[in-house]
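Counting in the working numbering, the first sequence runs from 119 upward without gaps.
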Amino acid sequence: MTEWLAKRPAGAPMAVAIDNTNQFIGLAYRTGEGRAVPMTLLEALRPMLEAEDVEKVVHDSKGFLLAMAPLNIKAAAVTGDAMLFAFLISADPGGCSPEALAERFLDRKLNAAAEQQAEATLAVAELLRPQVEKQELWSVYRDIDLPLSPVLAQMEMSGIRVDTVVLAELSTRLNERIEGLAQQVYDLAGHPFNINSPQQLGKILFEEMALPAPFKYGKGKVVSTAADVLEGLAPAYPVAQLVLDYRQLTKLKGTYIDALPLLIRPETQRVHTTFNQTGAATGRLSSSNPNLQNIPIRTSEGREIRAAFVPEDGWELVVADYSQIELRLLAHMSQDPVLMEAFTHNEDIHTRTAAEVFKVNPLMVNSEMRRSAKAVNFGIVYGQTPFGLAQSLGIDRKEAELYIRRYFERYVGVREFIDKTIAEVRASGVAKTLLGRRRPIPDMNTRNASARLFAERTAVNTPLQGTAADLIKAAMIHIARILKEKRMRSRMLLQVHDELVFEAPVSERDELKDLIKREMENVYQLSVPLLVETGSGANWRDAK
DNA sequence: CTGGAAAGCGCC
DNA sequence: AAAGGGCGCTTTCCAG
Numbered sequence: 119m120t121e122w123l124a125k126r127p128a129g130a131p132m133a134v135a136i137d138n139t140n141q142f143i144g145l146a147y148r149t150g151e152g153r154a155v156p157m158t159l160l161e162a163l164r165p166m167l168e169a170e171d172v173e174k175v176v177h178d179s180k181g182f183l184l185a186m187a188p189l190n191i192k193a194a195a196v197t198g199d200a201m202l203f204a205f206l207i208s209a210d211p212g213g214c215s216p217e218a219l220a221e222r223f224l225d226r227k228l229n230a231a232a233e234q235q236a237e238a239t240l241a242v243a244e245l246l247r248p249q250v251e252k253q254e255l256w257s258v259y260r261d262i263d264l265p266l267s268p269v270l271a272q273m274e275m276s277g278i279r280v281d282t283v284v285l286a287e288l289s290t291r292l293n294e295r296i297e298g299l300a301q302q303v304y305d306l307a308g309h310p311f312n313i314n315s316p317q318q319l320g321k322i323l324f325e326e327m328a329l330p331a332p333f334k335y336g337k338g339k340v341v342s343t344a345a346d347v348l349e350g351l352a353p354a355y356p357v358a359q360l361v362l363d364y365r366q367l368t369k370l371k372g373t374y375i376d377a378l379p380l381l382i383r384p385e386t387q388r389v390h391t392t393f394n395q396t397g398a399a400t401g402r403l404s405s406s407n408p409n410l411q412n413i414p415i416r417t418s419e420g421r422e423i424r425a426a427f428v429p430e431d432g433w434e435l436v437v438a439d440y441s442q443i444e445l446r447l448l449a450h451m452s453q454d455p456v457l458m459e460a461f462t463h464n465e466d467i468h469t470r471t472a473a474e475v476f477k478v479n480p481l482m483v484n485s486e487m488r489r490s491a492k493a494v495n496f497g498i499v500y501g502q503t504p505f506g507l508a509q510s511l512g513i514d515r516k517e518a519e520l521y522i523r524r525y526f527e528r529y530v531g532v533r534e535f536i537d538k539t540i541a542e543v544r545a546s547g548v549a550k551t552l553l554g555r556r557r558p559i560p561d562m563n564t565r566n567a568s569a570r571l572f573a574e575r576t577a578v579n580t581p582l583q584g585t586a587a588d589l590i591k592a593a594m595i596h597i598a599r600i601l602k603e604k605r606m607r608s609r610m611l612l613q614v615h616d617e618l619v620f621e622a623p624v625s626e627r628d629e630l631k632d633l634i635k636r637e638m639e640n641v642y643q644l645s646v647p648l649l650v651e652t653g654s655g656a657n658w659r660d661a662k
């Protein structure tokens, strides 16, 4: 802690609301970022504050040091976290900053003054607390959102180690390939241009080089050069493949390889993300600065980037992820007998769906059939249309319609679940998770057909995605508590939606794996089992 | 020079 | 008429 205190980065000031007996009220915001420090974290920091000679200094959950300005606020009660309250009342990621809260609930415009923000936020918290208490939202607040907050804070402070040597080597290697690809593109085009500019690229490809322009694909004013378009052209036009490869490599280099080393904090030699608890309308977390929830894994180059995330010496990364949690939740919520049976017997769900859709014995399912069934399974969760399925599988729409029809013939309960869910959300205007988190879906009755269909897809997806988010959050809270109780040294580092990443001393690794698997699988009693797959660092690089 | 929109794409 | 749910980051491009 003292090291943190010694090096105060040039950060914005923060205000903390303190009552007149100098007790924390539990609201703190860093000006400009709207980052809430929940009252549970402030409680945790209290000893440090009292011990420090520095009168009014605290650091936030990311390890930034922040100046505290005591305020003359008279309220004596602990008021709660305004940001979390607001998110529970309406899961609107854009509406939870101190500024937005003041506008929404107090009809006040805030300036940048920390004192003003804290004071207004306090008022918002007092206003919202009874609203949250009244509804079933209180248990979500008390059991999930509030206790999760210090867990996230701890994860942010832990950070994760990144091997800059690996990244530097990869950077030079990719650079050569990128330049080579660019040169080949220029040669085919006849002259250099900015490949990064979709505008210029579209002109070169579809005007100068006269490639067949994608059928009515221009969304705005410019012809689309998106990946699916280029993929369609690639077999006949090598330039398309070159651009795809160029894009992939520049993306990896620009977003990860070159950016990550700059975000390593000198104090810890690690990267510290920020987990936003009100960042996704479904109740998922989001991650930023850097976003560690979108570290590449799909391609071999991507896996090389992931391999740069390494444990401390003598430690090991441990990963655990829920297998097919959203489809398991679909089974639970729909009570579809076939889907439930598949998961109860721990079958490969994509193979099972293939067997159902293609009406063959599961043993006769080949990889092509499984691939199609996998797309169908995902499509159901996302509300995909025959058109969309056809596009993603490269088949015609009749074929896609057949797959979807066959799916619902076999999974009748899923059809009923979807219809029932849409009807309920249409009536209530709100999508709910199993634990009671609610997301308003305003467009269910709009006359705009595309907006309405979008709302319907959201209505079906949100309970699945959102419940998965609730369950893993609950598991995180349990695991963090047990690690503390057992005085284990292992630390939770990352959450990637259905996956947790830990760092464990090698001697603790097996105990940790058992513990997290048990806690994650038993976090909630469903009609089908939850399955958690654990692995070590190598799995984080190579799995999936 | 800055801010924001649009395009594109990384992940689950 | 659009056509797959949820995010965050980078680059380009353009307006002020």
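By construction, the Cβ of each residue, glycine as well, lies at the ideal position given by its N, Cα and C atoms.
Item	Value
The beta strand (DSSP E) spanning residue 321 covers which residue range?	Run containing residue 321: none in the beta strand (DSSP E); it sits in the alpha helix (DSSP H), 316-321.
CB residue 499 to CB residue 579, shorter than 8 Å?	yes
Report yes or no: do three or more beta-carbon pairs, one from the segment 549-558 and one from the segment 467-474, lie closer than 8 Å?	no
Please state whether DSSP places residue 263 in a helix, a strand or coil.	helix
Could you check if residue 588 is buried or exposed, using at least 16 other CB atoms within 10 Å of its CB as the buried criterion?	buried
Is it true that the segment 376-396 meets the segment 267-280, where meeting means three or more beta-carbon pairs spaced less than 8 Å apart?	yes
Kindly indicate the opening and closing residues of the beta strand (DSSP E) around residue 620.	617-623
Give, in chain order, every unbroken run of the beta strand (DSSP E) that is at least 3 residues long and sits entirely within the segment 506-555.	548-550
May I ask you to report which of helix, strand or coil DSSP gives residue 605?	coil
What residues are listed by DSSP as bridge partners for residue 613?	618
With distances taken between CB atoms, is the gap from residue 364 to residue 329 smaller than 8 Å?	no
Give every residue of the same chain whose Cβ lies closer than 8 Å to the Cβ of residue 373, excluding the five residues on either side of it in the sequence, and list them in chain order.	none
For residue 435, which residues does DSSP report across the bridge?	621
Check for me: the beta strand (DSSP E) holding residue 441 runs from which residue to which?	Counting along the chain, residue 441 falls outside any beta strand (DSSP E), and DSSP gives it neither H nor E.
Work out the CA separation of residue 584 and residue 205 for me, nearest whole Å.	13 Å
To the nearest angstrom, how far is the alpha carbon of residue 427 from that of residue 323?	38 Å
Residue 77 by DSSP, collapsed to three states: which one?	With the chain running from 119 to 662 in the structure shown, residue 77 is simply not present.
Measure the C-alpha to C-alpha separation of residue 266 and residue 641 and round it to an integer number of angstroms.	14 Å
Within 10 Å of its beta-carbon, does residue 100 have 16 or more other beta-carbons around it, so buried, or fewer, so exposed?	Here the chain has residues from 119 to 662 only, and residue 100 is not among them.
Would you list the residues sitting across from residue 653 in a DSSP beta bridge?	437
Under a three-way DSSP split, which group does residue 495 fall into?	helix
I'd like to know if the segment 432-441 and the segment 509-523 are in contact, where contact means that at least 3 CB-CB pairs between them fall below 8 Å.	no
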